[in-house]
Each structure stands twice: as structure tokens, then as C-alpha cells.
Amino acid sequence: MEIKPFEKKIWLSSPTMHGDELRWVQDAFDKNWITTAGENLNECEKIVAEKVGCKYAVGLSCGTASLHLAVKLAGEKLYGMPKPNQGTLQGHKVFCSDMTFDATVNPVAYEDGEAVFIDTEYDTWNMDPVALEKAFEIYPEVRLVVVAHLYGTPGKIDEIRAVCDKYGALIVEDAAESFGATYKGVQTGTFGDYGCISFNGNKIITGSSGGMFLTDSKENADKVRKWSTQSREDAAWYQHEEIGYNYRMSNIIAGIVRGQMPYLDEHIAQKKAIYERYKEGFKGLPVIMNPYDEKNSEPNFWLSCMMIDKDAMCRQVRSDNKALYIHEPGKTCPTEILETLAKYNAEGRPIWKPMHMQPIYRSNPFITANGNGRAKSNAYIKETGMIDVGADIFERGLCLPSDNKMTAEEQEIIIQIIRKCFE
């Protein structure tokens, strides 16, 4: 059967709107609360805190703002108030998830710290607790860990928490991609000392932008709220005694999020159905879906991903900006699949390129479970027996079209397109 390009593009993950969002945006217009305050913002914070199961949620302009202020707060608690024009992490190392979007780790640089990247494990594609333990053995002075839950899948939370507790380290939990996901029945975003979520346009709940800082501490919530509004002091005039930021969430954005929130469980169910259809449709192919701990965790299935078996990979090379491949019968690679999907008007994406491979972070330390640090060359990897898990998943993995407006029939066509790549 001839497969024709989709007339309407199949997106990776686009906003899914329901109409309730417009009601609350209109409410903000009607009441003239077109600012970073108002009923939508107050209600949005309340609803999210109740859903997640924390005492306080602070609405911010984006998930990155939440991560920045969480890192700043952690640095201040650990190392005290910084000197003028210095970040709270001045001169200190921070252990960070390696396979993630750079928004997870950039706040460490904002606060003048140095990210040390912890390799990934194959079971959940998240931070490896064994590598984290090794990192503490190498850098026992570190007291802060920034951990992300990749593509909506909770990491090995108990093991990571145990290692951090052993060494007295605080955790900033980046749940930007995992809003609504649970580990042992508890929502992600509540396991760290500070939690962060995102409402970016492609997330499972969106405000077009926006984010939340999550905490059980009123003191922390008040501090973040103050910092996010330019650190204004309680005075009749504009009084400023410390550096602040214009990070507060708009009441308009909060209205969109407020209208989206009743549909979170529905979105998760739709995303899970997409994941399950891919898993069933790829039976017999030399691939695996992005894995999760089926006993303890329930992802939000934000993005469905797959990884090709090593023996089924055709030749593929990548520079910093380009990728080339040579098709081989019975084999394929992420580049070929993504380019083929694009020809049929469907959007996929490469897996997040690990941070230790990024040009801006290539000189930063990188810790693996079975090596002593950065893989300087193929010879070094062979000599030491080092396994760079993140680089391997990046090499063989890709994100599949996961839009919850995609029909089962459209998804079946995508499955057939991918199957043909192996012919």
C-alpha cells in the first residue's frame, strides 16, 4: 500500500486546548487583571499545589526561572549570601543530570557554579545512582544535586535520595517534563528539597509558557515570590536590598493553565495510549521503547521514544550540526527515521544530546558508573572499559510523534513508515 504524506502535519507534541482556557483569559480581561497578579494566578498556584501534594506553588514565567531560583535558594542555604556581583554557587561544583535539556543545568552557571555531569542508566534513561555515588567519592565536598525526570519518566528516586542523604546533599528536582507522573503513588516534583515544573507550549499541560516552584516551606515560597518580583521590600516606595528578577507568571498565562488543569489526567491517558500503540506496533522490530519501572512508577508518557538495537544500526555519523547515514538492508538509524518521517510531514526529534557532549560544557567533569570520568577518545573508552550510557542512547534513540491529537489511524501509518525503514 502506498503511503502518502499527511495533509495536516503530525507534531511531536503540540498544545491541546479545550476552550476552558479562553474563559479564564477572558475573565482576566473583564476584571482588567492584565499583569503578574490576579485571581487566575492565585487559583493556579492553589490548584497545582493540591494536585502535586505540596503546601506551596509559586507561579513563574517559565520552568527555567523556577530552576534558577531553586538553585539560587539552595546555594544561599548551603553557602550563605554571596558577595556583590557573584552567584550563590561561586566556585562550587554541582552534580547534574547529563541527559536533559540545557535549561536543567544552565542555572548552575547563572549562579557561578560548575556542573559535574552524572551519566544515565538504561532502566529509566535518568541519572544513574551508581555514578552519583562514584561522583561523591571523587568530589565529597559537593552538597547539591540537580536531577531531571526524562520525557515524563521518574528516575530511580529512592536510590538517588539515599545517596544524597548519605552525603548531606540537597536536591533540586526538575519535573518540567514529568508533571502528573508518580513514583510509588507520589507525584514527581515533591521528592527534592525544591521542585520545578514547566508549562511550556509542548508540555502535557501548557500556558504557552510559565512554570512553578514547588515547596513545603513558606519561607522558601515567600523568598522565591520576592525574588521573582524584582526583590521589592515592604515599603511605600521601591526599596531594593538584593538582586531580583522579573520572573513572575502573568495572570493571562495563569488563566490558560487554570483552564488546562482539569484535563491533566485525560492528557496522560491519551499519551499512555500512544506509547502502548507504538509498543504493540513495533513488535518484531529490533527496538525498545523508552523504559520505566513498571512496579514503582507511572510516567505521564509525555514523549514516546524508541532505541534501535546495536546490531540493527546502519552507519551514522554526526557533527555538531549535521548528520549523515548510509542505508543498509534490514538496518536503520535515528537520522534515517527522522528524515523519513519529515518527508511524510510528521515531526520526530533526536534524543536530548547529553550535556557533557555539548560544546559549552565539554570541559566540565563527567562521571560514569564504571569509569573515572570523561571519555576523551575511543581508545580511552576501550582501555578503561568505560560505558557512556547517555551517548549510547543519544546515538541509537529518537523521540517519536507523540501529539495527543494524533488519531490511532495516523499513528498506525507512522508505525508503518518506521517499519519500512528497516527493510
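Residue numbers (our numbering): 2 to 424.
Virtual Cβ for every residue (Gly too), placed ideally from N, Cα, C.
All of these numbers come straight from a predicted model, not from anything done at the bench.
What are the uninterrupted segments assigned as beta strand (DSSP E) that are 3 or more residues long and contained completely in the region 171–226, given in chain order?
171–175, 195–199 and 212–216
Simplified DSSP assignment, three categories, for L151:
helix
According to the neighbour-count rule (16 or more other Cβ atoms, all chains shown, within 10 Å of its Cβ), is R316 buried or exposed?
exposed
For L133, name the three-state secondary structure that DSSP assigns.
helix
By DSSP, does P351 sit in helix, in strand, or in coil?
strand
Can you name, in chain order, every residue of its own chain whose Cβ lies under 8 Å from the Cβ of E413, other than the five neighbours on each side?
The residues R278 and G282, in chain order, have a CB closer than 8 Å to that of E413 in the same chain once the five nearest residues on each side in sequence are set aside.
Return the bridge partner residues of Q317 from the DSSP annotation.
Y326
If you draw a straight line from the alpha carbon of I425 to that of N127, how long is it in whole angstroms?
Since the first and last residues shown for the chain are 2 and 424, residue 425 lies out of range.
Inspect the beta-carbon positions of S229 and L68 and report whether they are closer than 9 Å.
no
According to the neighbour-count rule (16 or more other Cβ atoms, all chains shown, within 10 Å of its Cβ), is I139 buried or exposed?
exposed
Give the DSSP-derived three-state secondary structure of C334 in the structure shown.
coil
Determine, using beta carbons only, whether N291 and M307 come nearer to each other than 9 Å.
yes
Are L145 and F214 close, meaning C-beta to C-beta below 9 Å?
no
Cα separation between E174 and F118?
15 Å
C165 in three-state terms, based on DSSP
helix
Classify S305 as helix, strand or coil using the three-state DSSP reduction.
Looking at S305 - three-state DSSP - the assignment turns out to be coil, as it is neither helix nor strand.
Assuming the contact rule is C-beta atoms closer than 8 Å, Q231 and G245 should be a hit. Round their C-beta distance to whole Å, please.
4 Å
Within 10 angstroms of the Cβ of L325, are there 16 or more other Cβ atoms? Answer buried if so, exposed if not.
It counts as exposed.
Considering just the uninterrupted stretch of the alpha helix (DSSP H) at L68, what are its terminal residues?
G64 to Y80
Alpha carbon to alpha carbon, what distance is there between I275 and H150?
19 Å
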